[in-house]
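Engineer: Here it is, the structure, as structure tokens.
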Amino acid sequence: MAATSIHPIRTTEIKSIQYVMRKDKTNNGSLVTTYACGQTPEEIEKAFSEQRSFMNDKGSVLSYHIIQSFAPDEANIEQVMQAGQMLCDRLLKGHYQFVLATHNDTEHLHNHIIFCKANMNNNRSFGTLSDTKKNPAWKTIEKKNSKF
15 MAATSIHPIR TTEIKSIQYV MRKDKTNNGS LVTTYACGQT PEEIEKAFSE QRSFMNDKGS
75 VLSYHIIQSF APDEANIEQV MQAGQMLCDR LLKGHYQFVL ATHNDTEHLH NHIIFCKANM
135 NNNRSFGTLS DTKKNPAWKT IEKKNSKF
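Using my numbering, you'd call the opening residue of the sequence shown number 15 and step up by one each time.
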């Protein structure tokens with residue numbers, strides 16, 4: 015089963031996006047998928063920023079970074095990519111802009127998912143909708159990830 019973690023991004027959003035999209039880690043960019051936010055790091059950061067501008071409560075978190083890791087020989091590249099897309103579909107449900115990048119530069123394949131904290135439908139924060147003390151985001155991700 016894939017291991018997952020989630021981290022808030024507060025200051026280095028463009029650097030994080032640039033890192034996960036690096037061509038030397040994503041088979042020359044062929045292992046990168048985006049949703050509702052453009053294709054380049056600059057376009058993605060701009061789209062995230064524009065979406066956040068509609069929010070009333072800005073807060074310190076800009077976006078979230080999920081890492082979904084697989085043990086060596088646990089899954090092939092297609093399965094890892096599919097698992098990343100399924101996690102995005104189940105967790106974000108088409109309500110959040112995201113970039114999904116599968117890294118194949120190490121012996122353990124892994125996905126990086128960076129998504130904007132602002133819900134595109136109601137402009138509320140992921141943190142207020144899906145990350146509460148009673149239902150922390152990591153538990154939600156763990157449940158949705160356990161189905162792979």
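Glycine included, every Cβ here is placed at the ideal spot set by N, Cα and C.
Quick one: residues in its chain with C-beta nearer than 6 Å to the C-beta of F68, no 5 flanking neighbours on either side, listed in chain order?
Structural biologist: The count along the sequence shown starts at 1 and reaches residue 68 at position 54. Excluding residues within five positions, the ones whose Cβ falls inside 6 Å are N137.
Engineer: Residues in its own chain within less than 8 Å of A61 by CB, not counting five upstream and five downstream?
Structural biologist: Reading the sequence shown from its first residue, position 47 is the one you call residue 61. Excluding sequence neighbours, A61 sits near A50, C51, G52, Q111, C130.
Engineer: Between which two residues does the alpha helix (DSSP H) carrying Q96 extend?
Structural biologist: The residue labelled residue 96 in the question sits at position 82 within the sequence shown. It spans 91-106 - the alpha helix (DSSP H) in which Q96 sits, taken as one unbroken run.
Engineer: Hey, could you find the ends of the beta strand (DSSP E) Y49 is sitting in?
Structural biologist: Taking the sequence shown and counting its residues from 1, one reaches residue 49 at position 35. Per DSSP, Y49 belongs to the beta strand (DSSP E) from 46-49.
Engineer: Beta-carbon separation of T94 and T116 under 7 Å?
Structural biologist: Position 80 of the sequence shown, counted from the start, is the residue given in the question as residue 94. Position 102 of the sequence shown, counted from the start, is the residue given in the question as residue 116. The amino acid occupying residue 94 in the given sequence is Val; Thr does not appear at that position. Yes, the Cβ-Cβ distance between V94 and T116 is below 7 Å.
Engineer: Please return the same chain residues whose Cβ sits closer than 6 Å to the Cβ of N90, not counting the five positions on each side in sequence.
Structural biologist: Your numbering for residue 90 matches position 76 in the sequence shown. So no residue of the chain qualifies.
Engineer: Using the C-alpha atoms, what's the distance from M134 back to K65?
Structural biologist: Locating residue 65 in the sequence shown gives position 51, counting from the first residue. Locating residue 134 in the sequence shown gives position 120, counting from the first residue. One detail in the question is off: residue 65 reads as Gln in this sequence, not Lys. If I take the Cα positions, the gap works out to 7 Å.
Engineer: Could you tell me the boundaries of the beta strand (DSSP E) in which S77 lies?
Structural biologist: The residue given as residue 77 occupies position 63 in the sequence shown. S77 -> beta strand (DSSP E) spans 77-83.
Engineer: Would you list the one or two residues that DSSP bridges to T22?
Structural biologist: Position 8 of the sequence shown, counted from the start, is the residue given in the question as residue 22. In the sequence on display, residue 22 carries Pro and not Thr. The partner list for P22 (beta bridge, DSSP) reads Y78.
Engineer: For the alpha helix (DSSP H) that contains A61, what are its first and last residues?
Structural biologist: Walking along the sequence shown from the start, residue 61 turns up at place 47. Looking at the DSSP string, the run of the alpha helix (DSSP H) that includes A61 is 55-66.
Engineer: Assuming G73 and S139 are in contact, meaning their beta carbons sit under 8 Å apart, how far apart are those beta carbons, in whole angstroms?
Structural biologist: Position 59 of the sequence shown, counting from 1, holds the residue named residue 73. Position 125 of the sequence shown, counting from 1, holds the residue named residue 139. Yes, G73 and S139 are in contact; Cβ-Cβ is about 6 Å, under 8 Å.
Engineer: Since I believe V34 is in contact with G141 (beta carbons under 8 Å), could you give me their beta-carbon distance rounded to a whole number of angstroms?
Structural biologist: Looking up residue 141 in the sequence shown gives position 127. Looking up residue 34 in the sequence shown gives position 20. At roughly 21 Å, the Cβ-Cβ gap does not stay under 8 Å, so G141 and V34 are not in contact.
Engineer: Out of curiosity, what's the CA-to-CA distance linking S44 and E92?
Structural biologist: Taking the first residue of the sequence shown as 1, we reach residue 44 at position 30. Taking the first residue of the sequence shown as 1, we reach residue 92 at position 78. Answer to the nearest angstrom: the Cα atoms are 12 Å apart.
Engineer: What residue from I28, N118, T48, I127 has the CA that sits closest to D87's CA?
Structural biologist: For the purposes of this step, residue 87 is taken as the residue at position 73 of the sequence shown. The option with the nearest alpha carbon to D87 is N118.
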